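What follows is one structure encoded as structure tokens, with my remarks underneath.
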Amino acid sequence: MSGNIHTKRIYRASCVALVVTALTFAIRANLLGVLGEEFELTAMQIGNVAAAAFWGFTGAMVLGGVLCDWIGMGRLFLLAFLGHAIGIVWTIFSSDYRSLFLSTLLVGLANGFVESASYSMLSSIYADEDKTKRINDWHIWFPGGIVIGGVLAYLLTSAGFNWKVQMVVMLIPTLAYGAMFWKQRFPKSERVKLGVSDREMFRACLSPLFLLMLCCMLLTAATELATNQWIVELLSAVGVHSILLLVFINGIMTIGRANARHILKHLSVTQLLFVSAVLSFLGLQLLGYAHGYLSFLAAGIFAMGICFFWPTMIGFVSENLPKTGPLGLSLMGGAGLFSTALALPWLGQIFDTHLLGAVPIGFSVEQLKDSTDGADMQLWADLKLNAGAYTLRLASVLPGILVVVFAALHLSRRKRAAGKASTAMQ
1 MSGNIHTKRI
11 YRASCVALVV
21 TALTFAIRAN
31 LLGVLGEEFE
41 LTAMQIGNVA
51 AAAFWGFTGA
61 MVLGGVLCDW
71 IGMGRLFLLA
81 FLGHAIGIVW
91 TIFSSDYRSL
101 FLSTLLVGLA
111 NGFVESASYS
121 MLSSIYADED
131 KTKRINDWHI
141 WFPGGIVIGG
151 VLAYLLTSAG
161 FNWKVQMVVM
171 LIPTLAYGAM
181 FWKQRFPKSE
191 RVKLGVSDRE
201 MFRACLSPLF
211 LLMLCCMLLT
221 AATELATNQW
231 IVELLSAVGV
241 HSILLLVFIN
251 GIMTIGRANA
261 RHILKHLSVT
271 QLLFVSAVLS
281 FLGLQLLGYA
291 HGYLSFLAAG
301 IFAMGICFFW
311 PTMIGFVSEN
321 LPKTGPLGLS
331 LMGGAGLFST
341 ALALPWLGQI
351 FDTHLLGAVP
361 IGFSVEQLKD
371 STDGADMQLW
381 ADLKLNAGAY
391 TLRLASVLPG
401 ILVVVFAALH
411 LSRRKRAAGK
421 ASTAMQ
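The opening residue of the sequence shown carries number 1 in the UniProt record's numbering; numbering runs sequentially from there.
Set out below in structure tokens:
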């Protein structure tokens with residue numbers, strides 16, 4: 001406890017809030033196909049609904065960075081709680097595409113306020129520590145929450161519960177973190193503590209290094225989040241329960257982030273980003289060819305790749321560009337979510353186009369989907385498998401670009417550090 005600020009309590013509450021954010025990803029990922037059938041949506045429309053969460057996430061991240069020092073972290077967490085509670089209930093009572101889209105958008109706004117407020121809080125209460133490690137520690141609860149949500153979704157689906165029950169489950173931790181934050185006091189942001197003015201903060205957000213990291217965030221986030229949202233559907237015909245692949249991926253991510261501090265003893269931040277890009281590229285390529293239980297091997301490589309992307313990108317900016325303040329951290333998160341919102345319908349469109357283009361002459365999609373004939377059912381499964389594999393291989397272009405960029409960034413910063421060391425010796 002620092003003064004009247006219960007740092008451990010608000011930290012734990014932010015972890016539970018992040019679990020709720022993760023649950024919205026995991027459970028919704030499991031429900032994309034179900035919601036498509038329930039509301040008679042195309043894959044493009046399903047992608048738009050999934051993207052709504054990211055549009056809301058993006059808006060709240062950017063807005064939260066601007067508002068954090070004006071209204072305070074506590075009010076941002078209150079907005080997050082209200083958004084989660086109302087958005088989840090609204091989704092449960094949705095009756096058409098529009099209400100489903102808007103309720104998902106509201107949940108996305110809540111997710112963004114959680115992340116925006118939490119980044120500022122973590123940078124403030126751990127200002128004198130290795131923030132990349134601390135943010136990785138906190139971000140354990142995102143993949144951890146996806147594991148929890150994925151297992152719950154699998155068990156509830158297997159037990160025959162409908163999709164609305166899965167949504168109700170998310171209300172429990174939402175109420176929990178609301179109660180934990182109730183009447184708590186919050187610290188000032190690190191930027192305020194350092195005495196950095198608004199003008200200096202905005203200027204720092206226009207520096208070349210920050211703009212480069214912002215562009216990289218577009219690709220790292222889309223590689224991680226867009227594929228994770230679609231992976232259950234894209235690999236639905238791979239021969240294993242695809243929701244378990246999502247759980248497996250995020251289980252590895254949880255373990256990885258829990259051990260980030262040990263990995264960062266042996267690798268610099270830029271080296272870690274480079275290795276992550278290489279593994280992400282290889283993992284997506286392998287997922288595009290794997291079948292059956294070999295999919296878990298490919299998924300494991302992919303998981304090790306995307307594991308450190310998000311928290312390490314945020315940590316890099318927090319450590320190397322502290323004057324960017326809450327705005328810089330929020331812009332980074334907002335950029336990642338903006339790109340994911342664009343990538344989700346893009347992946348859906350690629351999947352749709354490849355699937356429809358492969359339907360043999362004389363057959364229709366409706367005929368194959370509804371057929372009970374064994375040959376037709378196998379043909380439909382093969383078409384979905386090929387379309388999903390093609391989509392994942394195409395998505396590997398994103399981390400492929402990052403391999404080149406992060407290699408150049410690492411070499412540039414190593415050369416710069418060597419130059420400073422040489423000057424100091426002279």
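A virtual CB, placed ideally from N, CA and C, is assigned to each residue, including glycine. None of the values given here were measured: they were computed from a predicted structure.
(message) Taking the alpha carbon of G47 as the reference point, which residue from Q349, R413, G362 and H266 has its own alpha carbon closest?
(response) Cα-wise, what sits closest to G47 is Q349.
(request) Drop a sphere of 10 angstroms on the beta-carbon of E40, count the other beta-carbons inside from all chains shown, and report buried for 16 or more, exposed for fewer. (result) exposed
(message) My parser needs the alpha helix (DSSP H) runs of 4 or more residues fully inside the region 296-362; what are they?
(response) 309-320 and 325-358
(message) Using a Cβ-Cβ cutoff of less than 8 Å, which residues in the same chain neighbour M332 once the five nearest sequence positions on both sides are dropped?
(response) M213, L214, M217, M313, I314 and V317
(message) Rounding to the nearest angstrom, what Cα-Cα distance links A85 and A176 in this structure?
(response) 11 Å
(request) Pull up the distance between the alpha-carbon of M180 and that of V169, whole angstroms please. (result) 18 Å
(message) Please report the distance separating the alpha-carbon of Y11 from that of F296.
(response) 33 Å
(message) Taking 8 Å as the cut-off, does the region 218-230 touch the region 383-395 (at least 3 CB pairs, one atom from each stretch)?
(response) yes
(message) Within 10 Å of its beta-carbon, does S14 have 16 or more other beta-carbons around it, so buried, or fewer, so exposed?
(response) Under the 10 Å beta carbon count, S14 is surrounded by 16 or more other beta carbons and is classified as buried.
(message) For T21 and L279, what's the separation of their Cα atoms in angstroms?
(response) 26 Å
(request) Starting from the C-beta of R413, find all residues in its chain whose C-beta is less than 7 Å away, skip the five residues before and the five after it, and write them out in chain order. (result) T270
(message) Comparing C-alpha positions only, which one of R416, L32, V397 and R203 sits nearest to L219?
(response) V397
(message) Which same chain residues end up closer than 7 Å to V16 when comparing Cβ atoms and leaving out the 5 residues on each side of it in sequence?
(response) P173, A176, Y177 and M180
(request) List the residues that DSSP assigns as beta-bridge partners of I172. (result) Answer is none; I172 lacks a bridge partner.
(message) Please state the DSSP three-state secondary structure of I5.
(response) strand
(message) At the level of alpha carbons, what is the spacing between F210 and A204?
(response) 8 Å
(message) Tell me the rounded alpha-carbon separation between L67 and A341.
(response) 23 Å
(request) Please say whether V403 and A222 have beta carbons closer to each other than 8 Å? (result) no
(request) Name the residue from K133, G65 and F302 whose alpha carbon lies nearest to the alpha carbon of M201. (result) G65
(message) Suppose only complete runs of 4+ residues qualify. What are the alpha helix (DSSP H) ranges in the region 189-239, listed by chain order?
(response) The region 189-239 contains these whole alpha helix (DSSP H) runs: 190-193, 198-204, 208-221 and 227-234.
(request) Provide the residue span of the alpha helix (DSSP H) that contains K131, from first to last. (result) K131 to W138
(request) Report buried or exposed for R9, applying the criterion of at least 16 other Cβ atoms within 10 angstroms of its Cβ. (result) R9 is exposed by the Cβ-count criterion.
(message) Rounded to whole angstroms, what is the Cα-Cα separation between G83 and W90?
(response) If I take the Cα positions, the gap works out to 10 Å.
(request) Would you decide whether T104 is buried or exposed? Buried here means 16 or more other CB atoms lie within 10 Å of its CB. (result) buried
(request) Please list the segments of the beta strand (DSSP E) lying wholly inside the region 53-78, counting only runs of 3 or more residues, in order along the chain. (result) none
(request) Can you say whether F93 is buried or exposed, counting buried as having 16 or more other CB atoms within 10 angstroms of its CB? (result) exposed
(request) Alpha carbon to alpha carbon, how far is V34 from D69? Give it in angstroms, no decimals. (result) 41 Å
(message) Tell me which residues share the same chain as L272 and place their Cβ nearer than 8 Å to its Cβ, disregarding the 5 neighbours each side in the sequence.
(response) Counting only residues of its own chain and dropping the five nearest sequence neighbours on each side, L272 has a CB closer than 8 Å to the CB of I263, L264, F308 and T312.
(message) I'd like the list of long-range same chain contacts for E224, defined as Cβ closer than 7 Å, with 5 residues on each side in sequence excluded.
(response) I306, F309 and W310
(request) Indicate the three-state DSSP secondary structure (helix, strand or coil) for Y289 in the structure shown. (result) If DSSP states are grouped into helix, strand and coil, Y289 belongs with coil.
(message) If contacts are defined as beta-carbon pairs under 8 Å, then I135 and L155 qualify, I think. What distance do you get, rounded to the angstrom?
(response) Actually they are not in contact, since the Cβ atoms of I135 and L155 sit about 31 Å apart, beyond 8 Å.
(message) With H, G and I counted as helix, E and B as strand and the rest as coil, what does DSSP make of G33?
(response) Annotated three-state conformation of G33 is helix, per DSSP.
(request) Please name the residue, chosen from T372, A335 and V19, that lies closest to W141 on a Cα-to-Cα basis. (result) V19
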